[in-house]
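So the structure is just underneath, and the comments pick up after that.
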Amino acid sequence: MIEAKTAPLSIRDILRALVSFAAFVMLRLNSLGYGILFAFALYAVIVIYCEIPYFYAIAFVLSALVKESGLLLSAGMALPLLIFKSIIHIKRFNPRILFFYLIEGLSLCLYIGIGLTSVDILLERLLGVAICAVFTLICSLSIKVYNKRKKRFRIPVEQSIAVCLFFFCLMRGVCAITLWGFSLIRFTAPVVILCATYIFGGQGGLICAVIAGAGCITEFGLNYISVFCLWALIVLPFMRINRYIAALALIVSDALLLLITQADVTVQNVTACVLGSLCFMVIPTSLLNSLKNRYKKQEQYSSRHIINRLRNNTADKLFKLSEIFFSMELSFKSMVKGVLPVERAQHELLKEVDEQVCISCPERMKCQRLHAEDTQDSLLSLIQTALSRGKATILDVDGYLSSRCGRLNAVIACINHQAANYKHYHEMTTTADNSKLLIGEQLGGVSKLLQSLSKESKCALSFDGKKERHLIEELGIRNILVKEAVCYGENGNMNLTLVIDINDSNHPQLMDIVSDVLQAPYMIDKAEYTDNNEWRVLHIKPQPRFDVLFGFQAVKKYQSNVSGDSHSFLKIANDKFMLAICDGMGSGEKAERVSNRAISLVENFYKAGFDNEIILNCVNKLLVVNNDETFSAMDICIINLANGLCDLIKIGAPSSIIRINGEYDVVEGGSLPLGVLENISPSISKTALNVNDLIVLFSDGLLEAFNRNSLLRFVSCQPEHDPQALANAIIKQALNLTPQPNDDITVIVAKIC
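What follows is the structure in structure tokens.
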């Protein structure tokens, strides 16, 4: 409903009223005998959808002068609707459509009652009222096309039919008008056919020719249908050359047709056709092109081909980049030197002792000639002790060496000094090598990620124009304005992008219509604004088969300021969801810092698209390189919302509880925590989940209150609560069993829905 405006009238408003007056006249002249009802139907709809009903009321009443139907009757029918519109303007309220039809019914009662003399007339007028009601609907749909869509979009099938019927009634009125011997239809038809052919093409021109000819059946028989269709067929090939040549071709074809058929050739008939064609010639080309661009139906094959070509180019560039990162990975891994083995290190330290201590000893030659093997074994044993324990003492020297070596203190000091140097060298080299391996693995992960993106981009997009048109029509029926729809497929999945009127972007029926047309549940993935504030771009994707409801509850260690456990709930992509608990060893701020760092790394790696192996190895090496003896147990659950597959990844984490089809089971953990060893082998369990299946993750602090079996019994005995209620119940029972927990406790419960 468009409320009345108080703005002053403009020339455009007056011209619009005059055009409406012409439409009322044409409908009045309709030879079906219900001309006044057709004109009234148009007027009734205009009252609701236009701003200046007073002009239209005057035009409707004055149109009674063209064909005798009674000024009093016309004024009586128009008055209730005019009062109705005035009330709307004063009260500023939005009337319901039912109230409008009641007022329209009151106006039609005047038509039935005035001059009623017999039952036959009553039945005839009741039939006319029924026809009027149908035509009111036709006018309503037609004017919605003009007001709501503003001639910028393809018209749905239902509204196309309404427009055609409305045009048919107007053409019937035009046939009834003859001015000074000129038949108005022979002037109007050339203009309509030429304009329709120029704007809509041959199909549109032919449809308009058929409708215009059908409107002349009662006046001229079937002849004009064939004549107008012949005009449309002749105009089409010439219109592709030049519109002026097409107009001349229509004039020539009309003259030849009149001569060949030996019809009543009159100056008036020929002149009317010539004037109509000349009228088309003087219409500005810019105006015709503007209408053509608004209505033109384009598949845009070139732009879609460009999209796929750009995807191929992007795929090639991504693959070349992946090769670069792969080469960098090999380069960094080749730079790993490795640590000198302990066996070789012992002999190198033995040489250092000989060169720094024994070389100036007066007994050196005797030791080398007579006791070389025994002396070497004693020194190697002492070196091994220093390397393993970090320091050797006089108590570690065997009896043989203590009884024969006169520089024993110097030997022990040299061995301890060299052992400390070796330990420092070992730490520095290991850290450097781990850093190189870490960088190499990250570069390798980037290479694999780029290869995956290249493979995805290499797949050509397929577009479904049929579904696009169907979708625009279905949305248009409900007055949801869509400027453009692109339905494209990738790897078997159909996605949709809509350019939609901003006022309709939140329409409650939008996704229901989209899902019905595409025959699958869909959801809005992203909404973006355009440069034009009137439009919004909606990116729509298939809705995952499953979703996840989750609950969380945690409690700190007794008398601890902060919890050393961290957790995460993260939607990685449209079809993947991650739940994770990271338990930093110990408690307090240090454990919290370590667990937060680990969980943050895991989240960022997963959001970037890396796979499980690369993520866990990189996180582990980062913690190893940190070298501050901080470790973390990691419990990760990755759920694929499209197919229900679940990966349970455990690194030093306790077991988990899972319920599948009502049956409870335990998923065991394994491996050492993150940051202990340079290489890890996480425990990965794959499970297929379905609706109402349950997953319970928890940190090892919970096992101080429950053992595995008692926890399993407690969870299985709980009623069908939501995940949050179950998490709360587990923590509550744990605190009942251990009121002062000795470790942080975290519980996550996830339910598939």
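Numbered by the working numbering, the letters in the sequence shown go through residues 13 to 765 in order. No residue lacks a Cβ here, since even glycine has one placed at the ideal position from N, Cα and C.
Check                                                                                                                   : Outcome
Which residues DSSP lists as bridging Met590, in chain order                                                            : Leu582 and Ile650
7 Å Cβ shell around His519 - same chain, five flanking residues per side excluded                                       : Ile492
Buried or exposed (CB count within 10 angstroms, at least 16 for buried), Asp266                                        : buried
Whole-angstrom C-beta distance between Ser32 and Ala71, which should lie under 8 Å                                      : 5 Å
Coil, strand or helix - Asp755 by DSSP                                                                                  : coil
Expected contact under 8 Å - CB spacing of Val494 and Leu487 to nearest Å                                               : 5 Å
6 Å Cβ shell around Gly225 - same chain, five flanking residues per side excluded                                       : Tyr236, Ile237 and Phe240
Separation of Glu485 from Phe475, as counted between CA atoms                                                           : 17 Å
Cβ pair count under 8 Å reaching 3, the stretch 423-439 against the stretch 396-411                                     : yes
Range covered by the alpha helix (DSSP H) that runs through Pro554                                                      : Element bounds for Pro554: not the alpha helix (DSSP H) but the beta strand (DSSP E), Trp547 to Pro554.
Assigned secondary structure, Gly477 (DSSP; H/G/I helix, E/B strand, else coil)                                         : helix
Reduced DSSP category for Gln730 - H, G, I as helix; E, B as strand; rest coil                                          : coil
Given Cys151 as reference, the closest of Phe96, Phe199 and Phe36 once Cα atoms are compared                            : Phe36
Proximity of Cys373 and Arg419 at Cβ, strictly below 7 Å                                                                : yes
Delimiting residues of the beta strand (DSSP E) encompassing Thr405                                                     : Per DSSP, Thr405 belongs to no beta strand (DSSP E) and is neither H nor E.
Helix, strand or coil at Asn573 [DSSP, three-state]                                                                     : coil
Proximity winner among Leu287, Val549, Asp328 and Ala327, relative to Gly203 (alpha-carbon distances)                   : A small fix is needed here, since residue 203 is Val in this sequence, not Gly. Selected option, being the one with the closest Cα: Leu287.
Span separating the alpha-carbon of Leu196 from that of Ala284                                                          : 7 Å
Residue closest to Ser527, alpha-carbon to alpha-carbon, out of Trp547, Lys553 and Leu245                               : Lys553
Endpoints, alpha helix (DSSP H) assigned at Thr283                                                                      : Val279 to Val294
Residues of its chain near Tyr256, where Cβ-Cβ distance is below 8 Å and the 5 sequence neighbours each way are ignored : Met293
Secondary structure of Arg557, DSSP reduced to three states                                                             : coil
Alpha helix (DSSP H) segment containing Val354, residue limits                                                          : Val354 to Gln368
Limits of the alpha helix (DSSP H) - the one that Cys241 falls within                                                   : Asn235 to Met251
Three-state class that DSSP yields for Lys332 in the structure shown                                                    : helix
Integer-rounded CB distance, given that Pro556 should sit under 8 Å from Asp587                                         : 5 Å
Local conformation of Val348 per DSSP, three classes                                                                    : coil
Helix, strand or coil at Val526 according to DSSP, with G and I counted as helix                                        : helix
Beta-carbon proximity of Leu701 to Ile764, cut-off 7 Å                                                                  : yes
Close Cβ partners of Cys426 (< 8 Å) along its chain, the five nearest in sequence each way excluded                     : Glu364, Val365, Gln368 and Val369
Counted within 10 angstroms of its Cβ, other Cβ atoms place Asn652 as buried (16 or more) or exposed                    : buried
Residues near Asp559 by beta carbon distance below 6 Å, same chain, minus five either side                              : Cys765
Under the three-state DSSP convention, the category Gln565 falls into                                                   : strand
Burial state of Glu604 (16 or more Cβ within 10 Å)                                                                      : buried
Contact check, Gln454 vs Ile395, beta carbons under 7 Å                                                                 : no
Residue closest to Val300, alpha-carbon to alpha-carbon, out of Asn673, Met251, Tyr500 and Val354                       : Looking at the sequence provided, one finds Leu at residue 300 rather than Val. Nearest of Asn673, Met251, Tyr500 and Val354 to Leu300, Cα basis: Met251.
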